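Have a look at the structure below before the remarks.
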Amino acid sequence: MAKKKLKLRKWIRCPHCWHRFRPWDCVFIASHDSLRGDPVLGDDAFVRFLPSRFTSNGHAIDPNGSESRDVACPRCHLQIPRSILELPLVTISIVGAPSSGKSYYLAAMTNGLRRALPQLGWTIADADPAANTLLHEQEEKLFLASRPDKPVRLEKTDVASSRLYHSVRIDEQVLTLPKPFQFTITNPGANGAGGHVLVLYDNAGEHFLPGNESMREPVTEHLTHSDIVFFLLDPTQDPRIRAQIRSLAGEPVDGCDDSPLRQELVLNETIVRIRKSLGLPTNEKHKALLMIVLAKADVWAPLLGHELNGDEPVRADSNGVGKFDFNSIGYTSKDCRAMLSKTSPEVVSIAESSFSRVIYVPVSATGGPAEEFRDGDAMQKGYRPQDIRPKWVLAPIACALGYVEPHLGPQAGASRASSGGGS
Ligand SMILES: Nc1nc2c(ncn2[C@@H]2O[C@H](COP(=O)(O)OP(=O)(O)O)[C@@H](O)[C@H]2O)c(=O)[nH]1
Ligand SMILES: [Mg+2]
Ligand SMILES: [Zn+2]
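Residues -6 to 416 in our numbering are what the sequence shown spells out, letter by letter.
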């Protein structure tokens, strides 16, 4: 049978260090056990090499004769999925204040993608399963528990954890690079030929607290290269919104803990870093899409003005095929913006004065507030997996995919769904 020829991209962008290179400059990762010790990655890592010999199947042969299938970036030597050689990247940076709900959201969103996308005619797979292990664990905890009646919680990831960062030595300098999650997504209408590699950067909120100078680039440099920024805004941390929820409910509301953090400062810090890094003139807006993802909607949804439509903004088209419902996302974005304009106008103003496209979407990763449970000697807050009901967690990703691939979205999904920002 004739072998299908790979169509390589002209340029590759490394999802770890953002180095741009030609596909033929990729290095290969040796697999012979004697070939350990890489000058960039350290003594335990397999050597990286440029191959001169290949097997009859086209796989590289390492200097000690073993077949080598994995490829890496020529600069940072970190492994990249092979699909990056063929498919364009869509990069999404997820930012938000500590405890805004990023970890729960990421787990619910990726689990939702795995379940829902195939029903919409898309396929999704881990582009690099090893890179996604932290996510797998979190998804398993919340959605695939063997004891769904036993409360679980997602631990706070240590900001300095090697699970979140790689350490590499480039040009005599040790650099800390974030470990992105990576998926390969193929989409309808592409006849199986197209698709994207979705690269997600989760950020420890601590890196964005104003004044946290020591935690700067390159840990947050991916923001500059991202096509889309998801800013997780937790309305329940805003005292003005909390007061409204309480007065509507007439009593204290679960999930509305007091927090002194001003999230607009985190948003501002994010924007300042992007603008500085790109050297954008003061009156020029950044062209990436900003999604203001309003977390924990189960708590504050009564302020929205309308009921959220369905578990996900998906509806059947005239042929009965499921599609993301950008109309519903559009009017929901308007209502979210109207709510924020009343309660936290500075968020709207900071967002829309800096990004040319802004969409607001409510999400609830868990569907309800955490309950207290005993874990050893301590009391903890967590969820019984059987009670977790994510809502609208795919709306931000639908907008993101519609933004990079307009034929999938609402015909230039971003601009139609956008409720402000002068796009
Ligand atoms: N009510 C409600 N609480 C949530 C939701 N998602 C997360 N939380 C709570 O918010 C807290 C912080 O969430 P986490 O994802 O760890 O925040 P991160 O620091 O931004 O990663 C957790 O203790 C959760 O119980 C949600 O969708 N609804
Ligand atoms: Mg977290
Ligand atoms: Zn690299």
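Ideal placement from N, C-alpha and C gives every residue a C-beta, glycine not left out. Predicted model only: the values in this text are computed from it and were never measured.
- Query: Whose C-beta lies closer than 7 Å to the C-beta of glycine 30 among residues of the same chain, with five residues either side of it excluded?
  - Reply: Asp36 and Val40
- Item | Closest by C-alpha distance to glycine 298, when choosing among Leu241, Ala101 and Ala120 | The shortest Cα separation from glycine 298 among Leu241, Ala101 and Ala120 belongs to Leu241.
- Message: Taking 8 Å as the limit between beta carbons, can you name the residues of its chain near leucine 419, skipping five residues before and five after?
- Response: The structure shown does not extend to residue 419, since the chain is modelled only from -6 to 416, so the question has no answer here.
- Message: Given 7 Å as the limit, tell me if leucine 71 has its C-beta closer than that to any heavy atom belonging to ligand 3.
- Response: Inclusion of leucine 71 in the 7 Å shell around ligand 3 follows from its C-beta lying nearer than that to a non-hydrogen atom of the ligand.
- Message: Output needed for serine 346: all residues of its chain with C-beta closer than 8 Å, excluding positions within five of it in sequence on either side, in chain order.
- Response: Lys278
- Can you tell which of Gln373, Gly361, Glu398 and Arg255 has the C-alpha that lies nearest to the C-alpha of serine 337? Closest option to serine 337, Cα to Cα, is Arg255.
- Message: By the three-class DSSP mapping on this structure, what secondary structure does glutamate 398 have?
- Response: coil
- In or out: glutamate 398 buried (at least 16 other Cβ within 10 Å) or exposed? So glutamate 398 ends up on the buried side.
- leucine 137 classed as buried or exposed, judged by whether at least 16 other C-beta atoms fall within 10 angstroms: exposed
- Item | Stretch pair the segment 70 to 84 + the segment 119 to 134: three plus CB contacts closer than 8 Å | A contact is defined here as three or more CB-CB pairs under 8 Å, and the segment 70 to 84 meets this definition with respect to the segment 119 to 134.
- Query: Can you list, in chain order, the residues of its chain whose CB lies under 8 Å from that of leucine 301, leaving out five sequence neighbours each side?
  - Reply: Ala290, Ala294, Thr325, Pro355, Lys384 and Trp385
- Message: Among the candidates Val265, His215 and Val351, whose CA atom is the shortest distance from the CA of lysine 280?
- Response: Val351
- Message: If you reduce the DSSP assignment to three classes, tell me which class histidine 279 lands in.
- Response: strand
- Per-residue DSSP class, three states only, for leucine 135: helix
- Message: Can you look up leucine 82 in the DSSP assignment and give me helix, strand or coil?
- Response: strand
- Message: For a minimum of 4 consecutive residues, which ranges assigned as the alpha helix (DSSP H) are wholly contained in the segment 276 to 315?
- Response: 290 to 293
- Query: Where do the ends of the beta strand (DSSP E) carrying lysine 374 lie?
  - Reply: Membership of lysine 374 in the beta strand (DSSP E) is indicated by the continuous run 371 to 375.
- 8 Å Cβ cutoff met for valine 145 and tyrosine 376: yes
- Message: Can you give me the C-alpha to C-alpha distance between alanine 53 and arginine 46, rounded to a whole angstrom?
- Response: 6 Å
- Task: Check whether the Cβ of threonine 150 lies closer than 7 Å to any heavy atom of ligand 2, and answer yes or no.
- Result: yes
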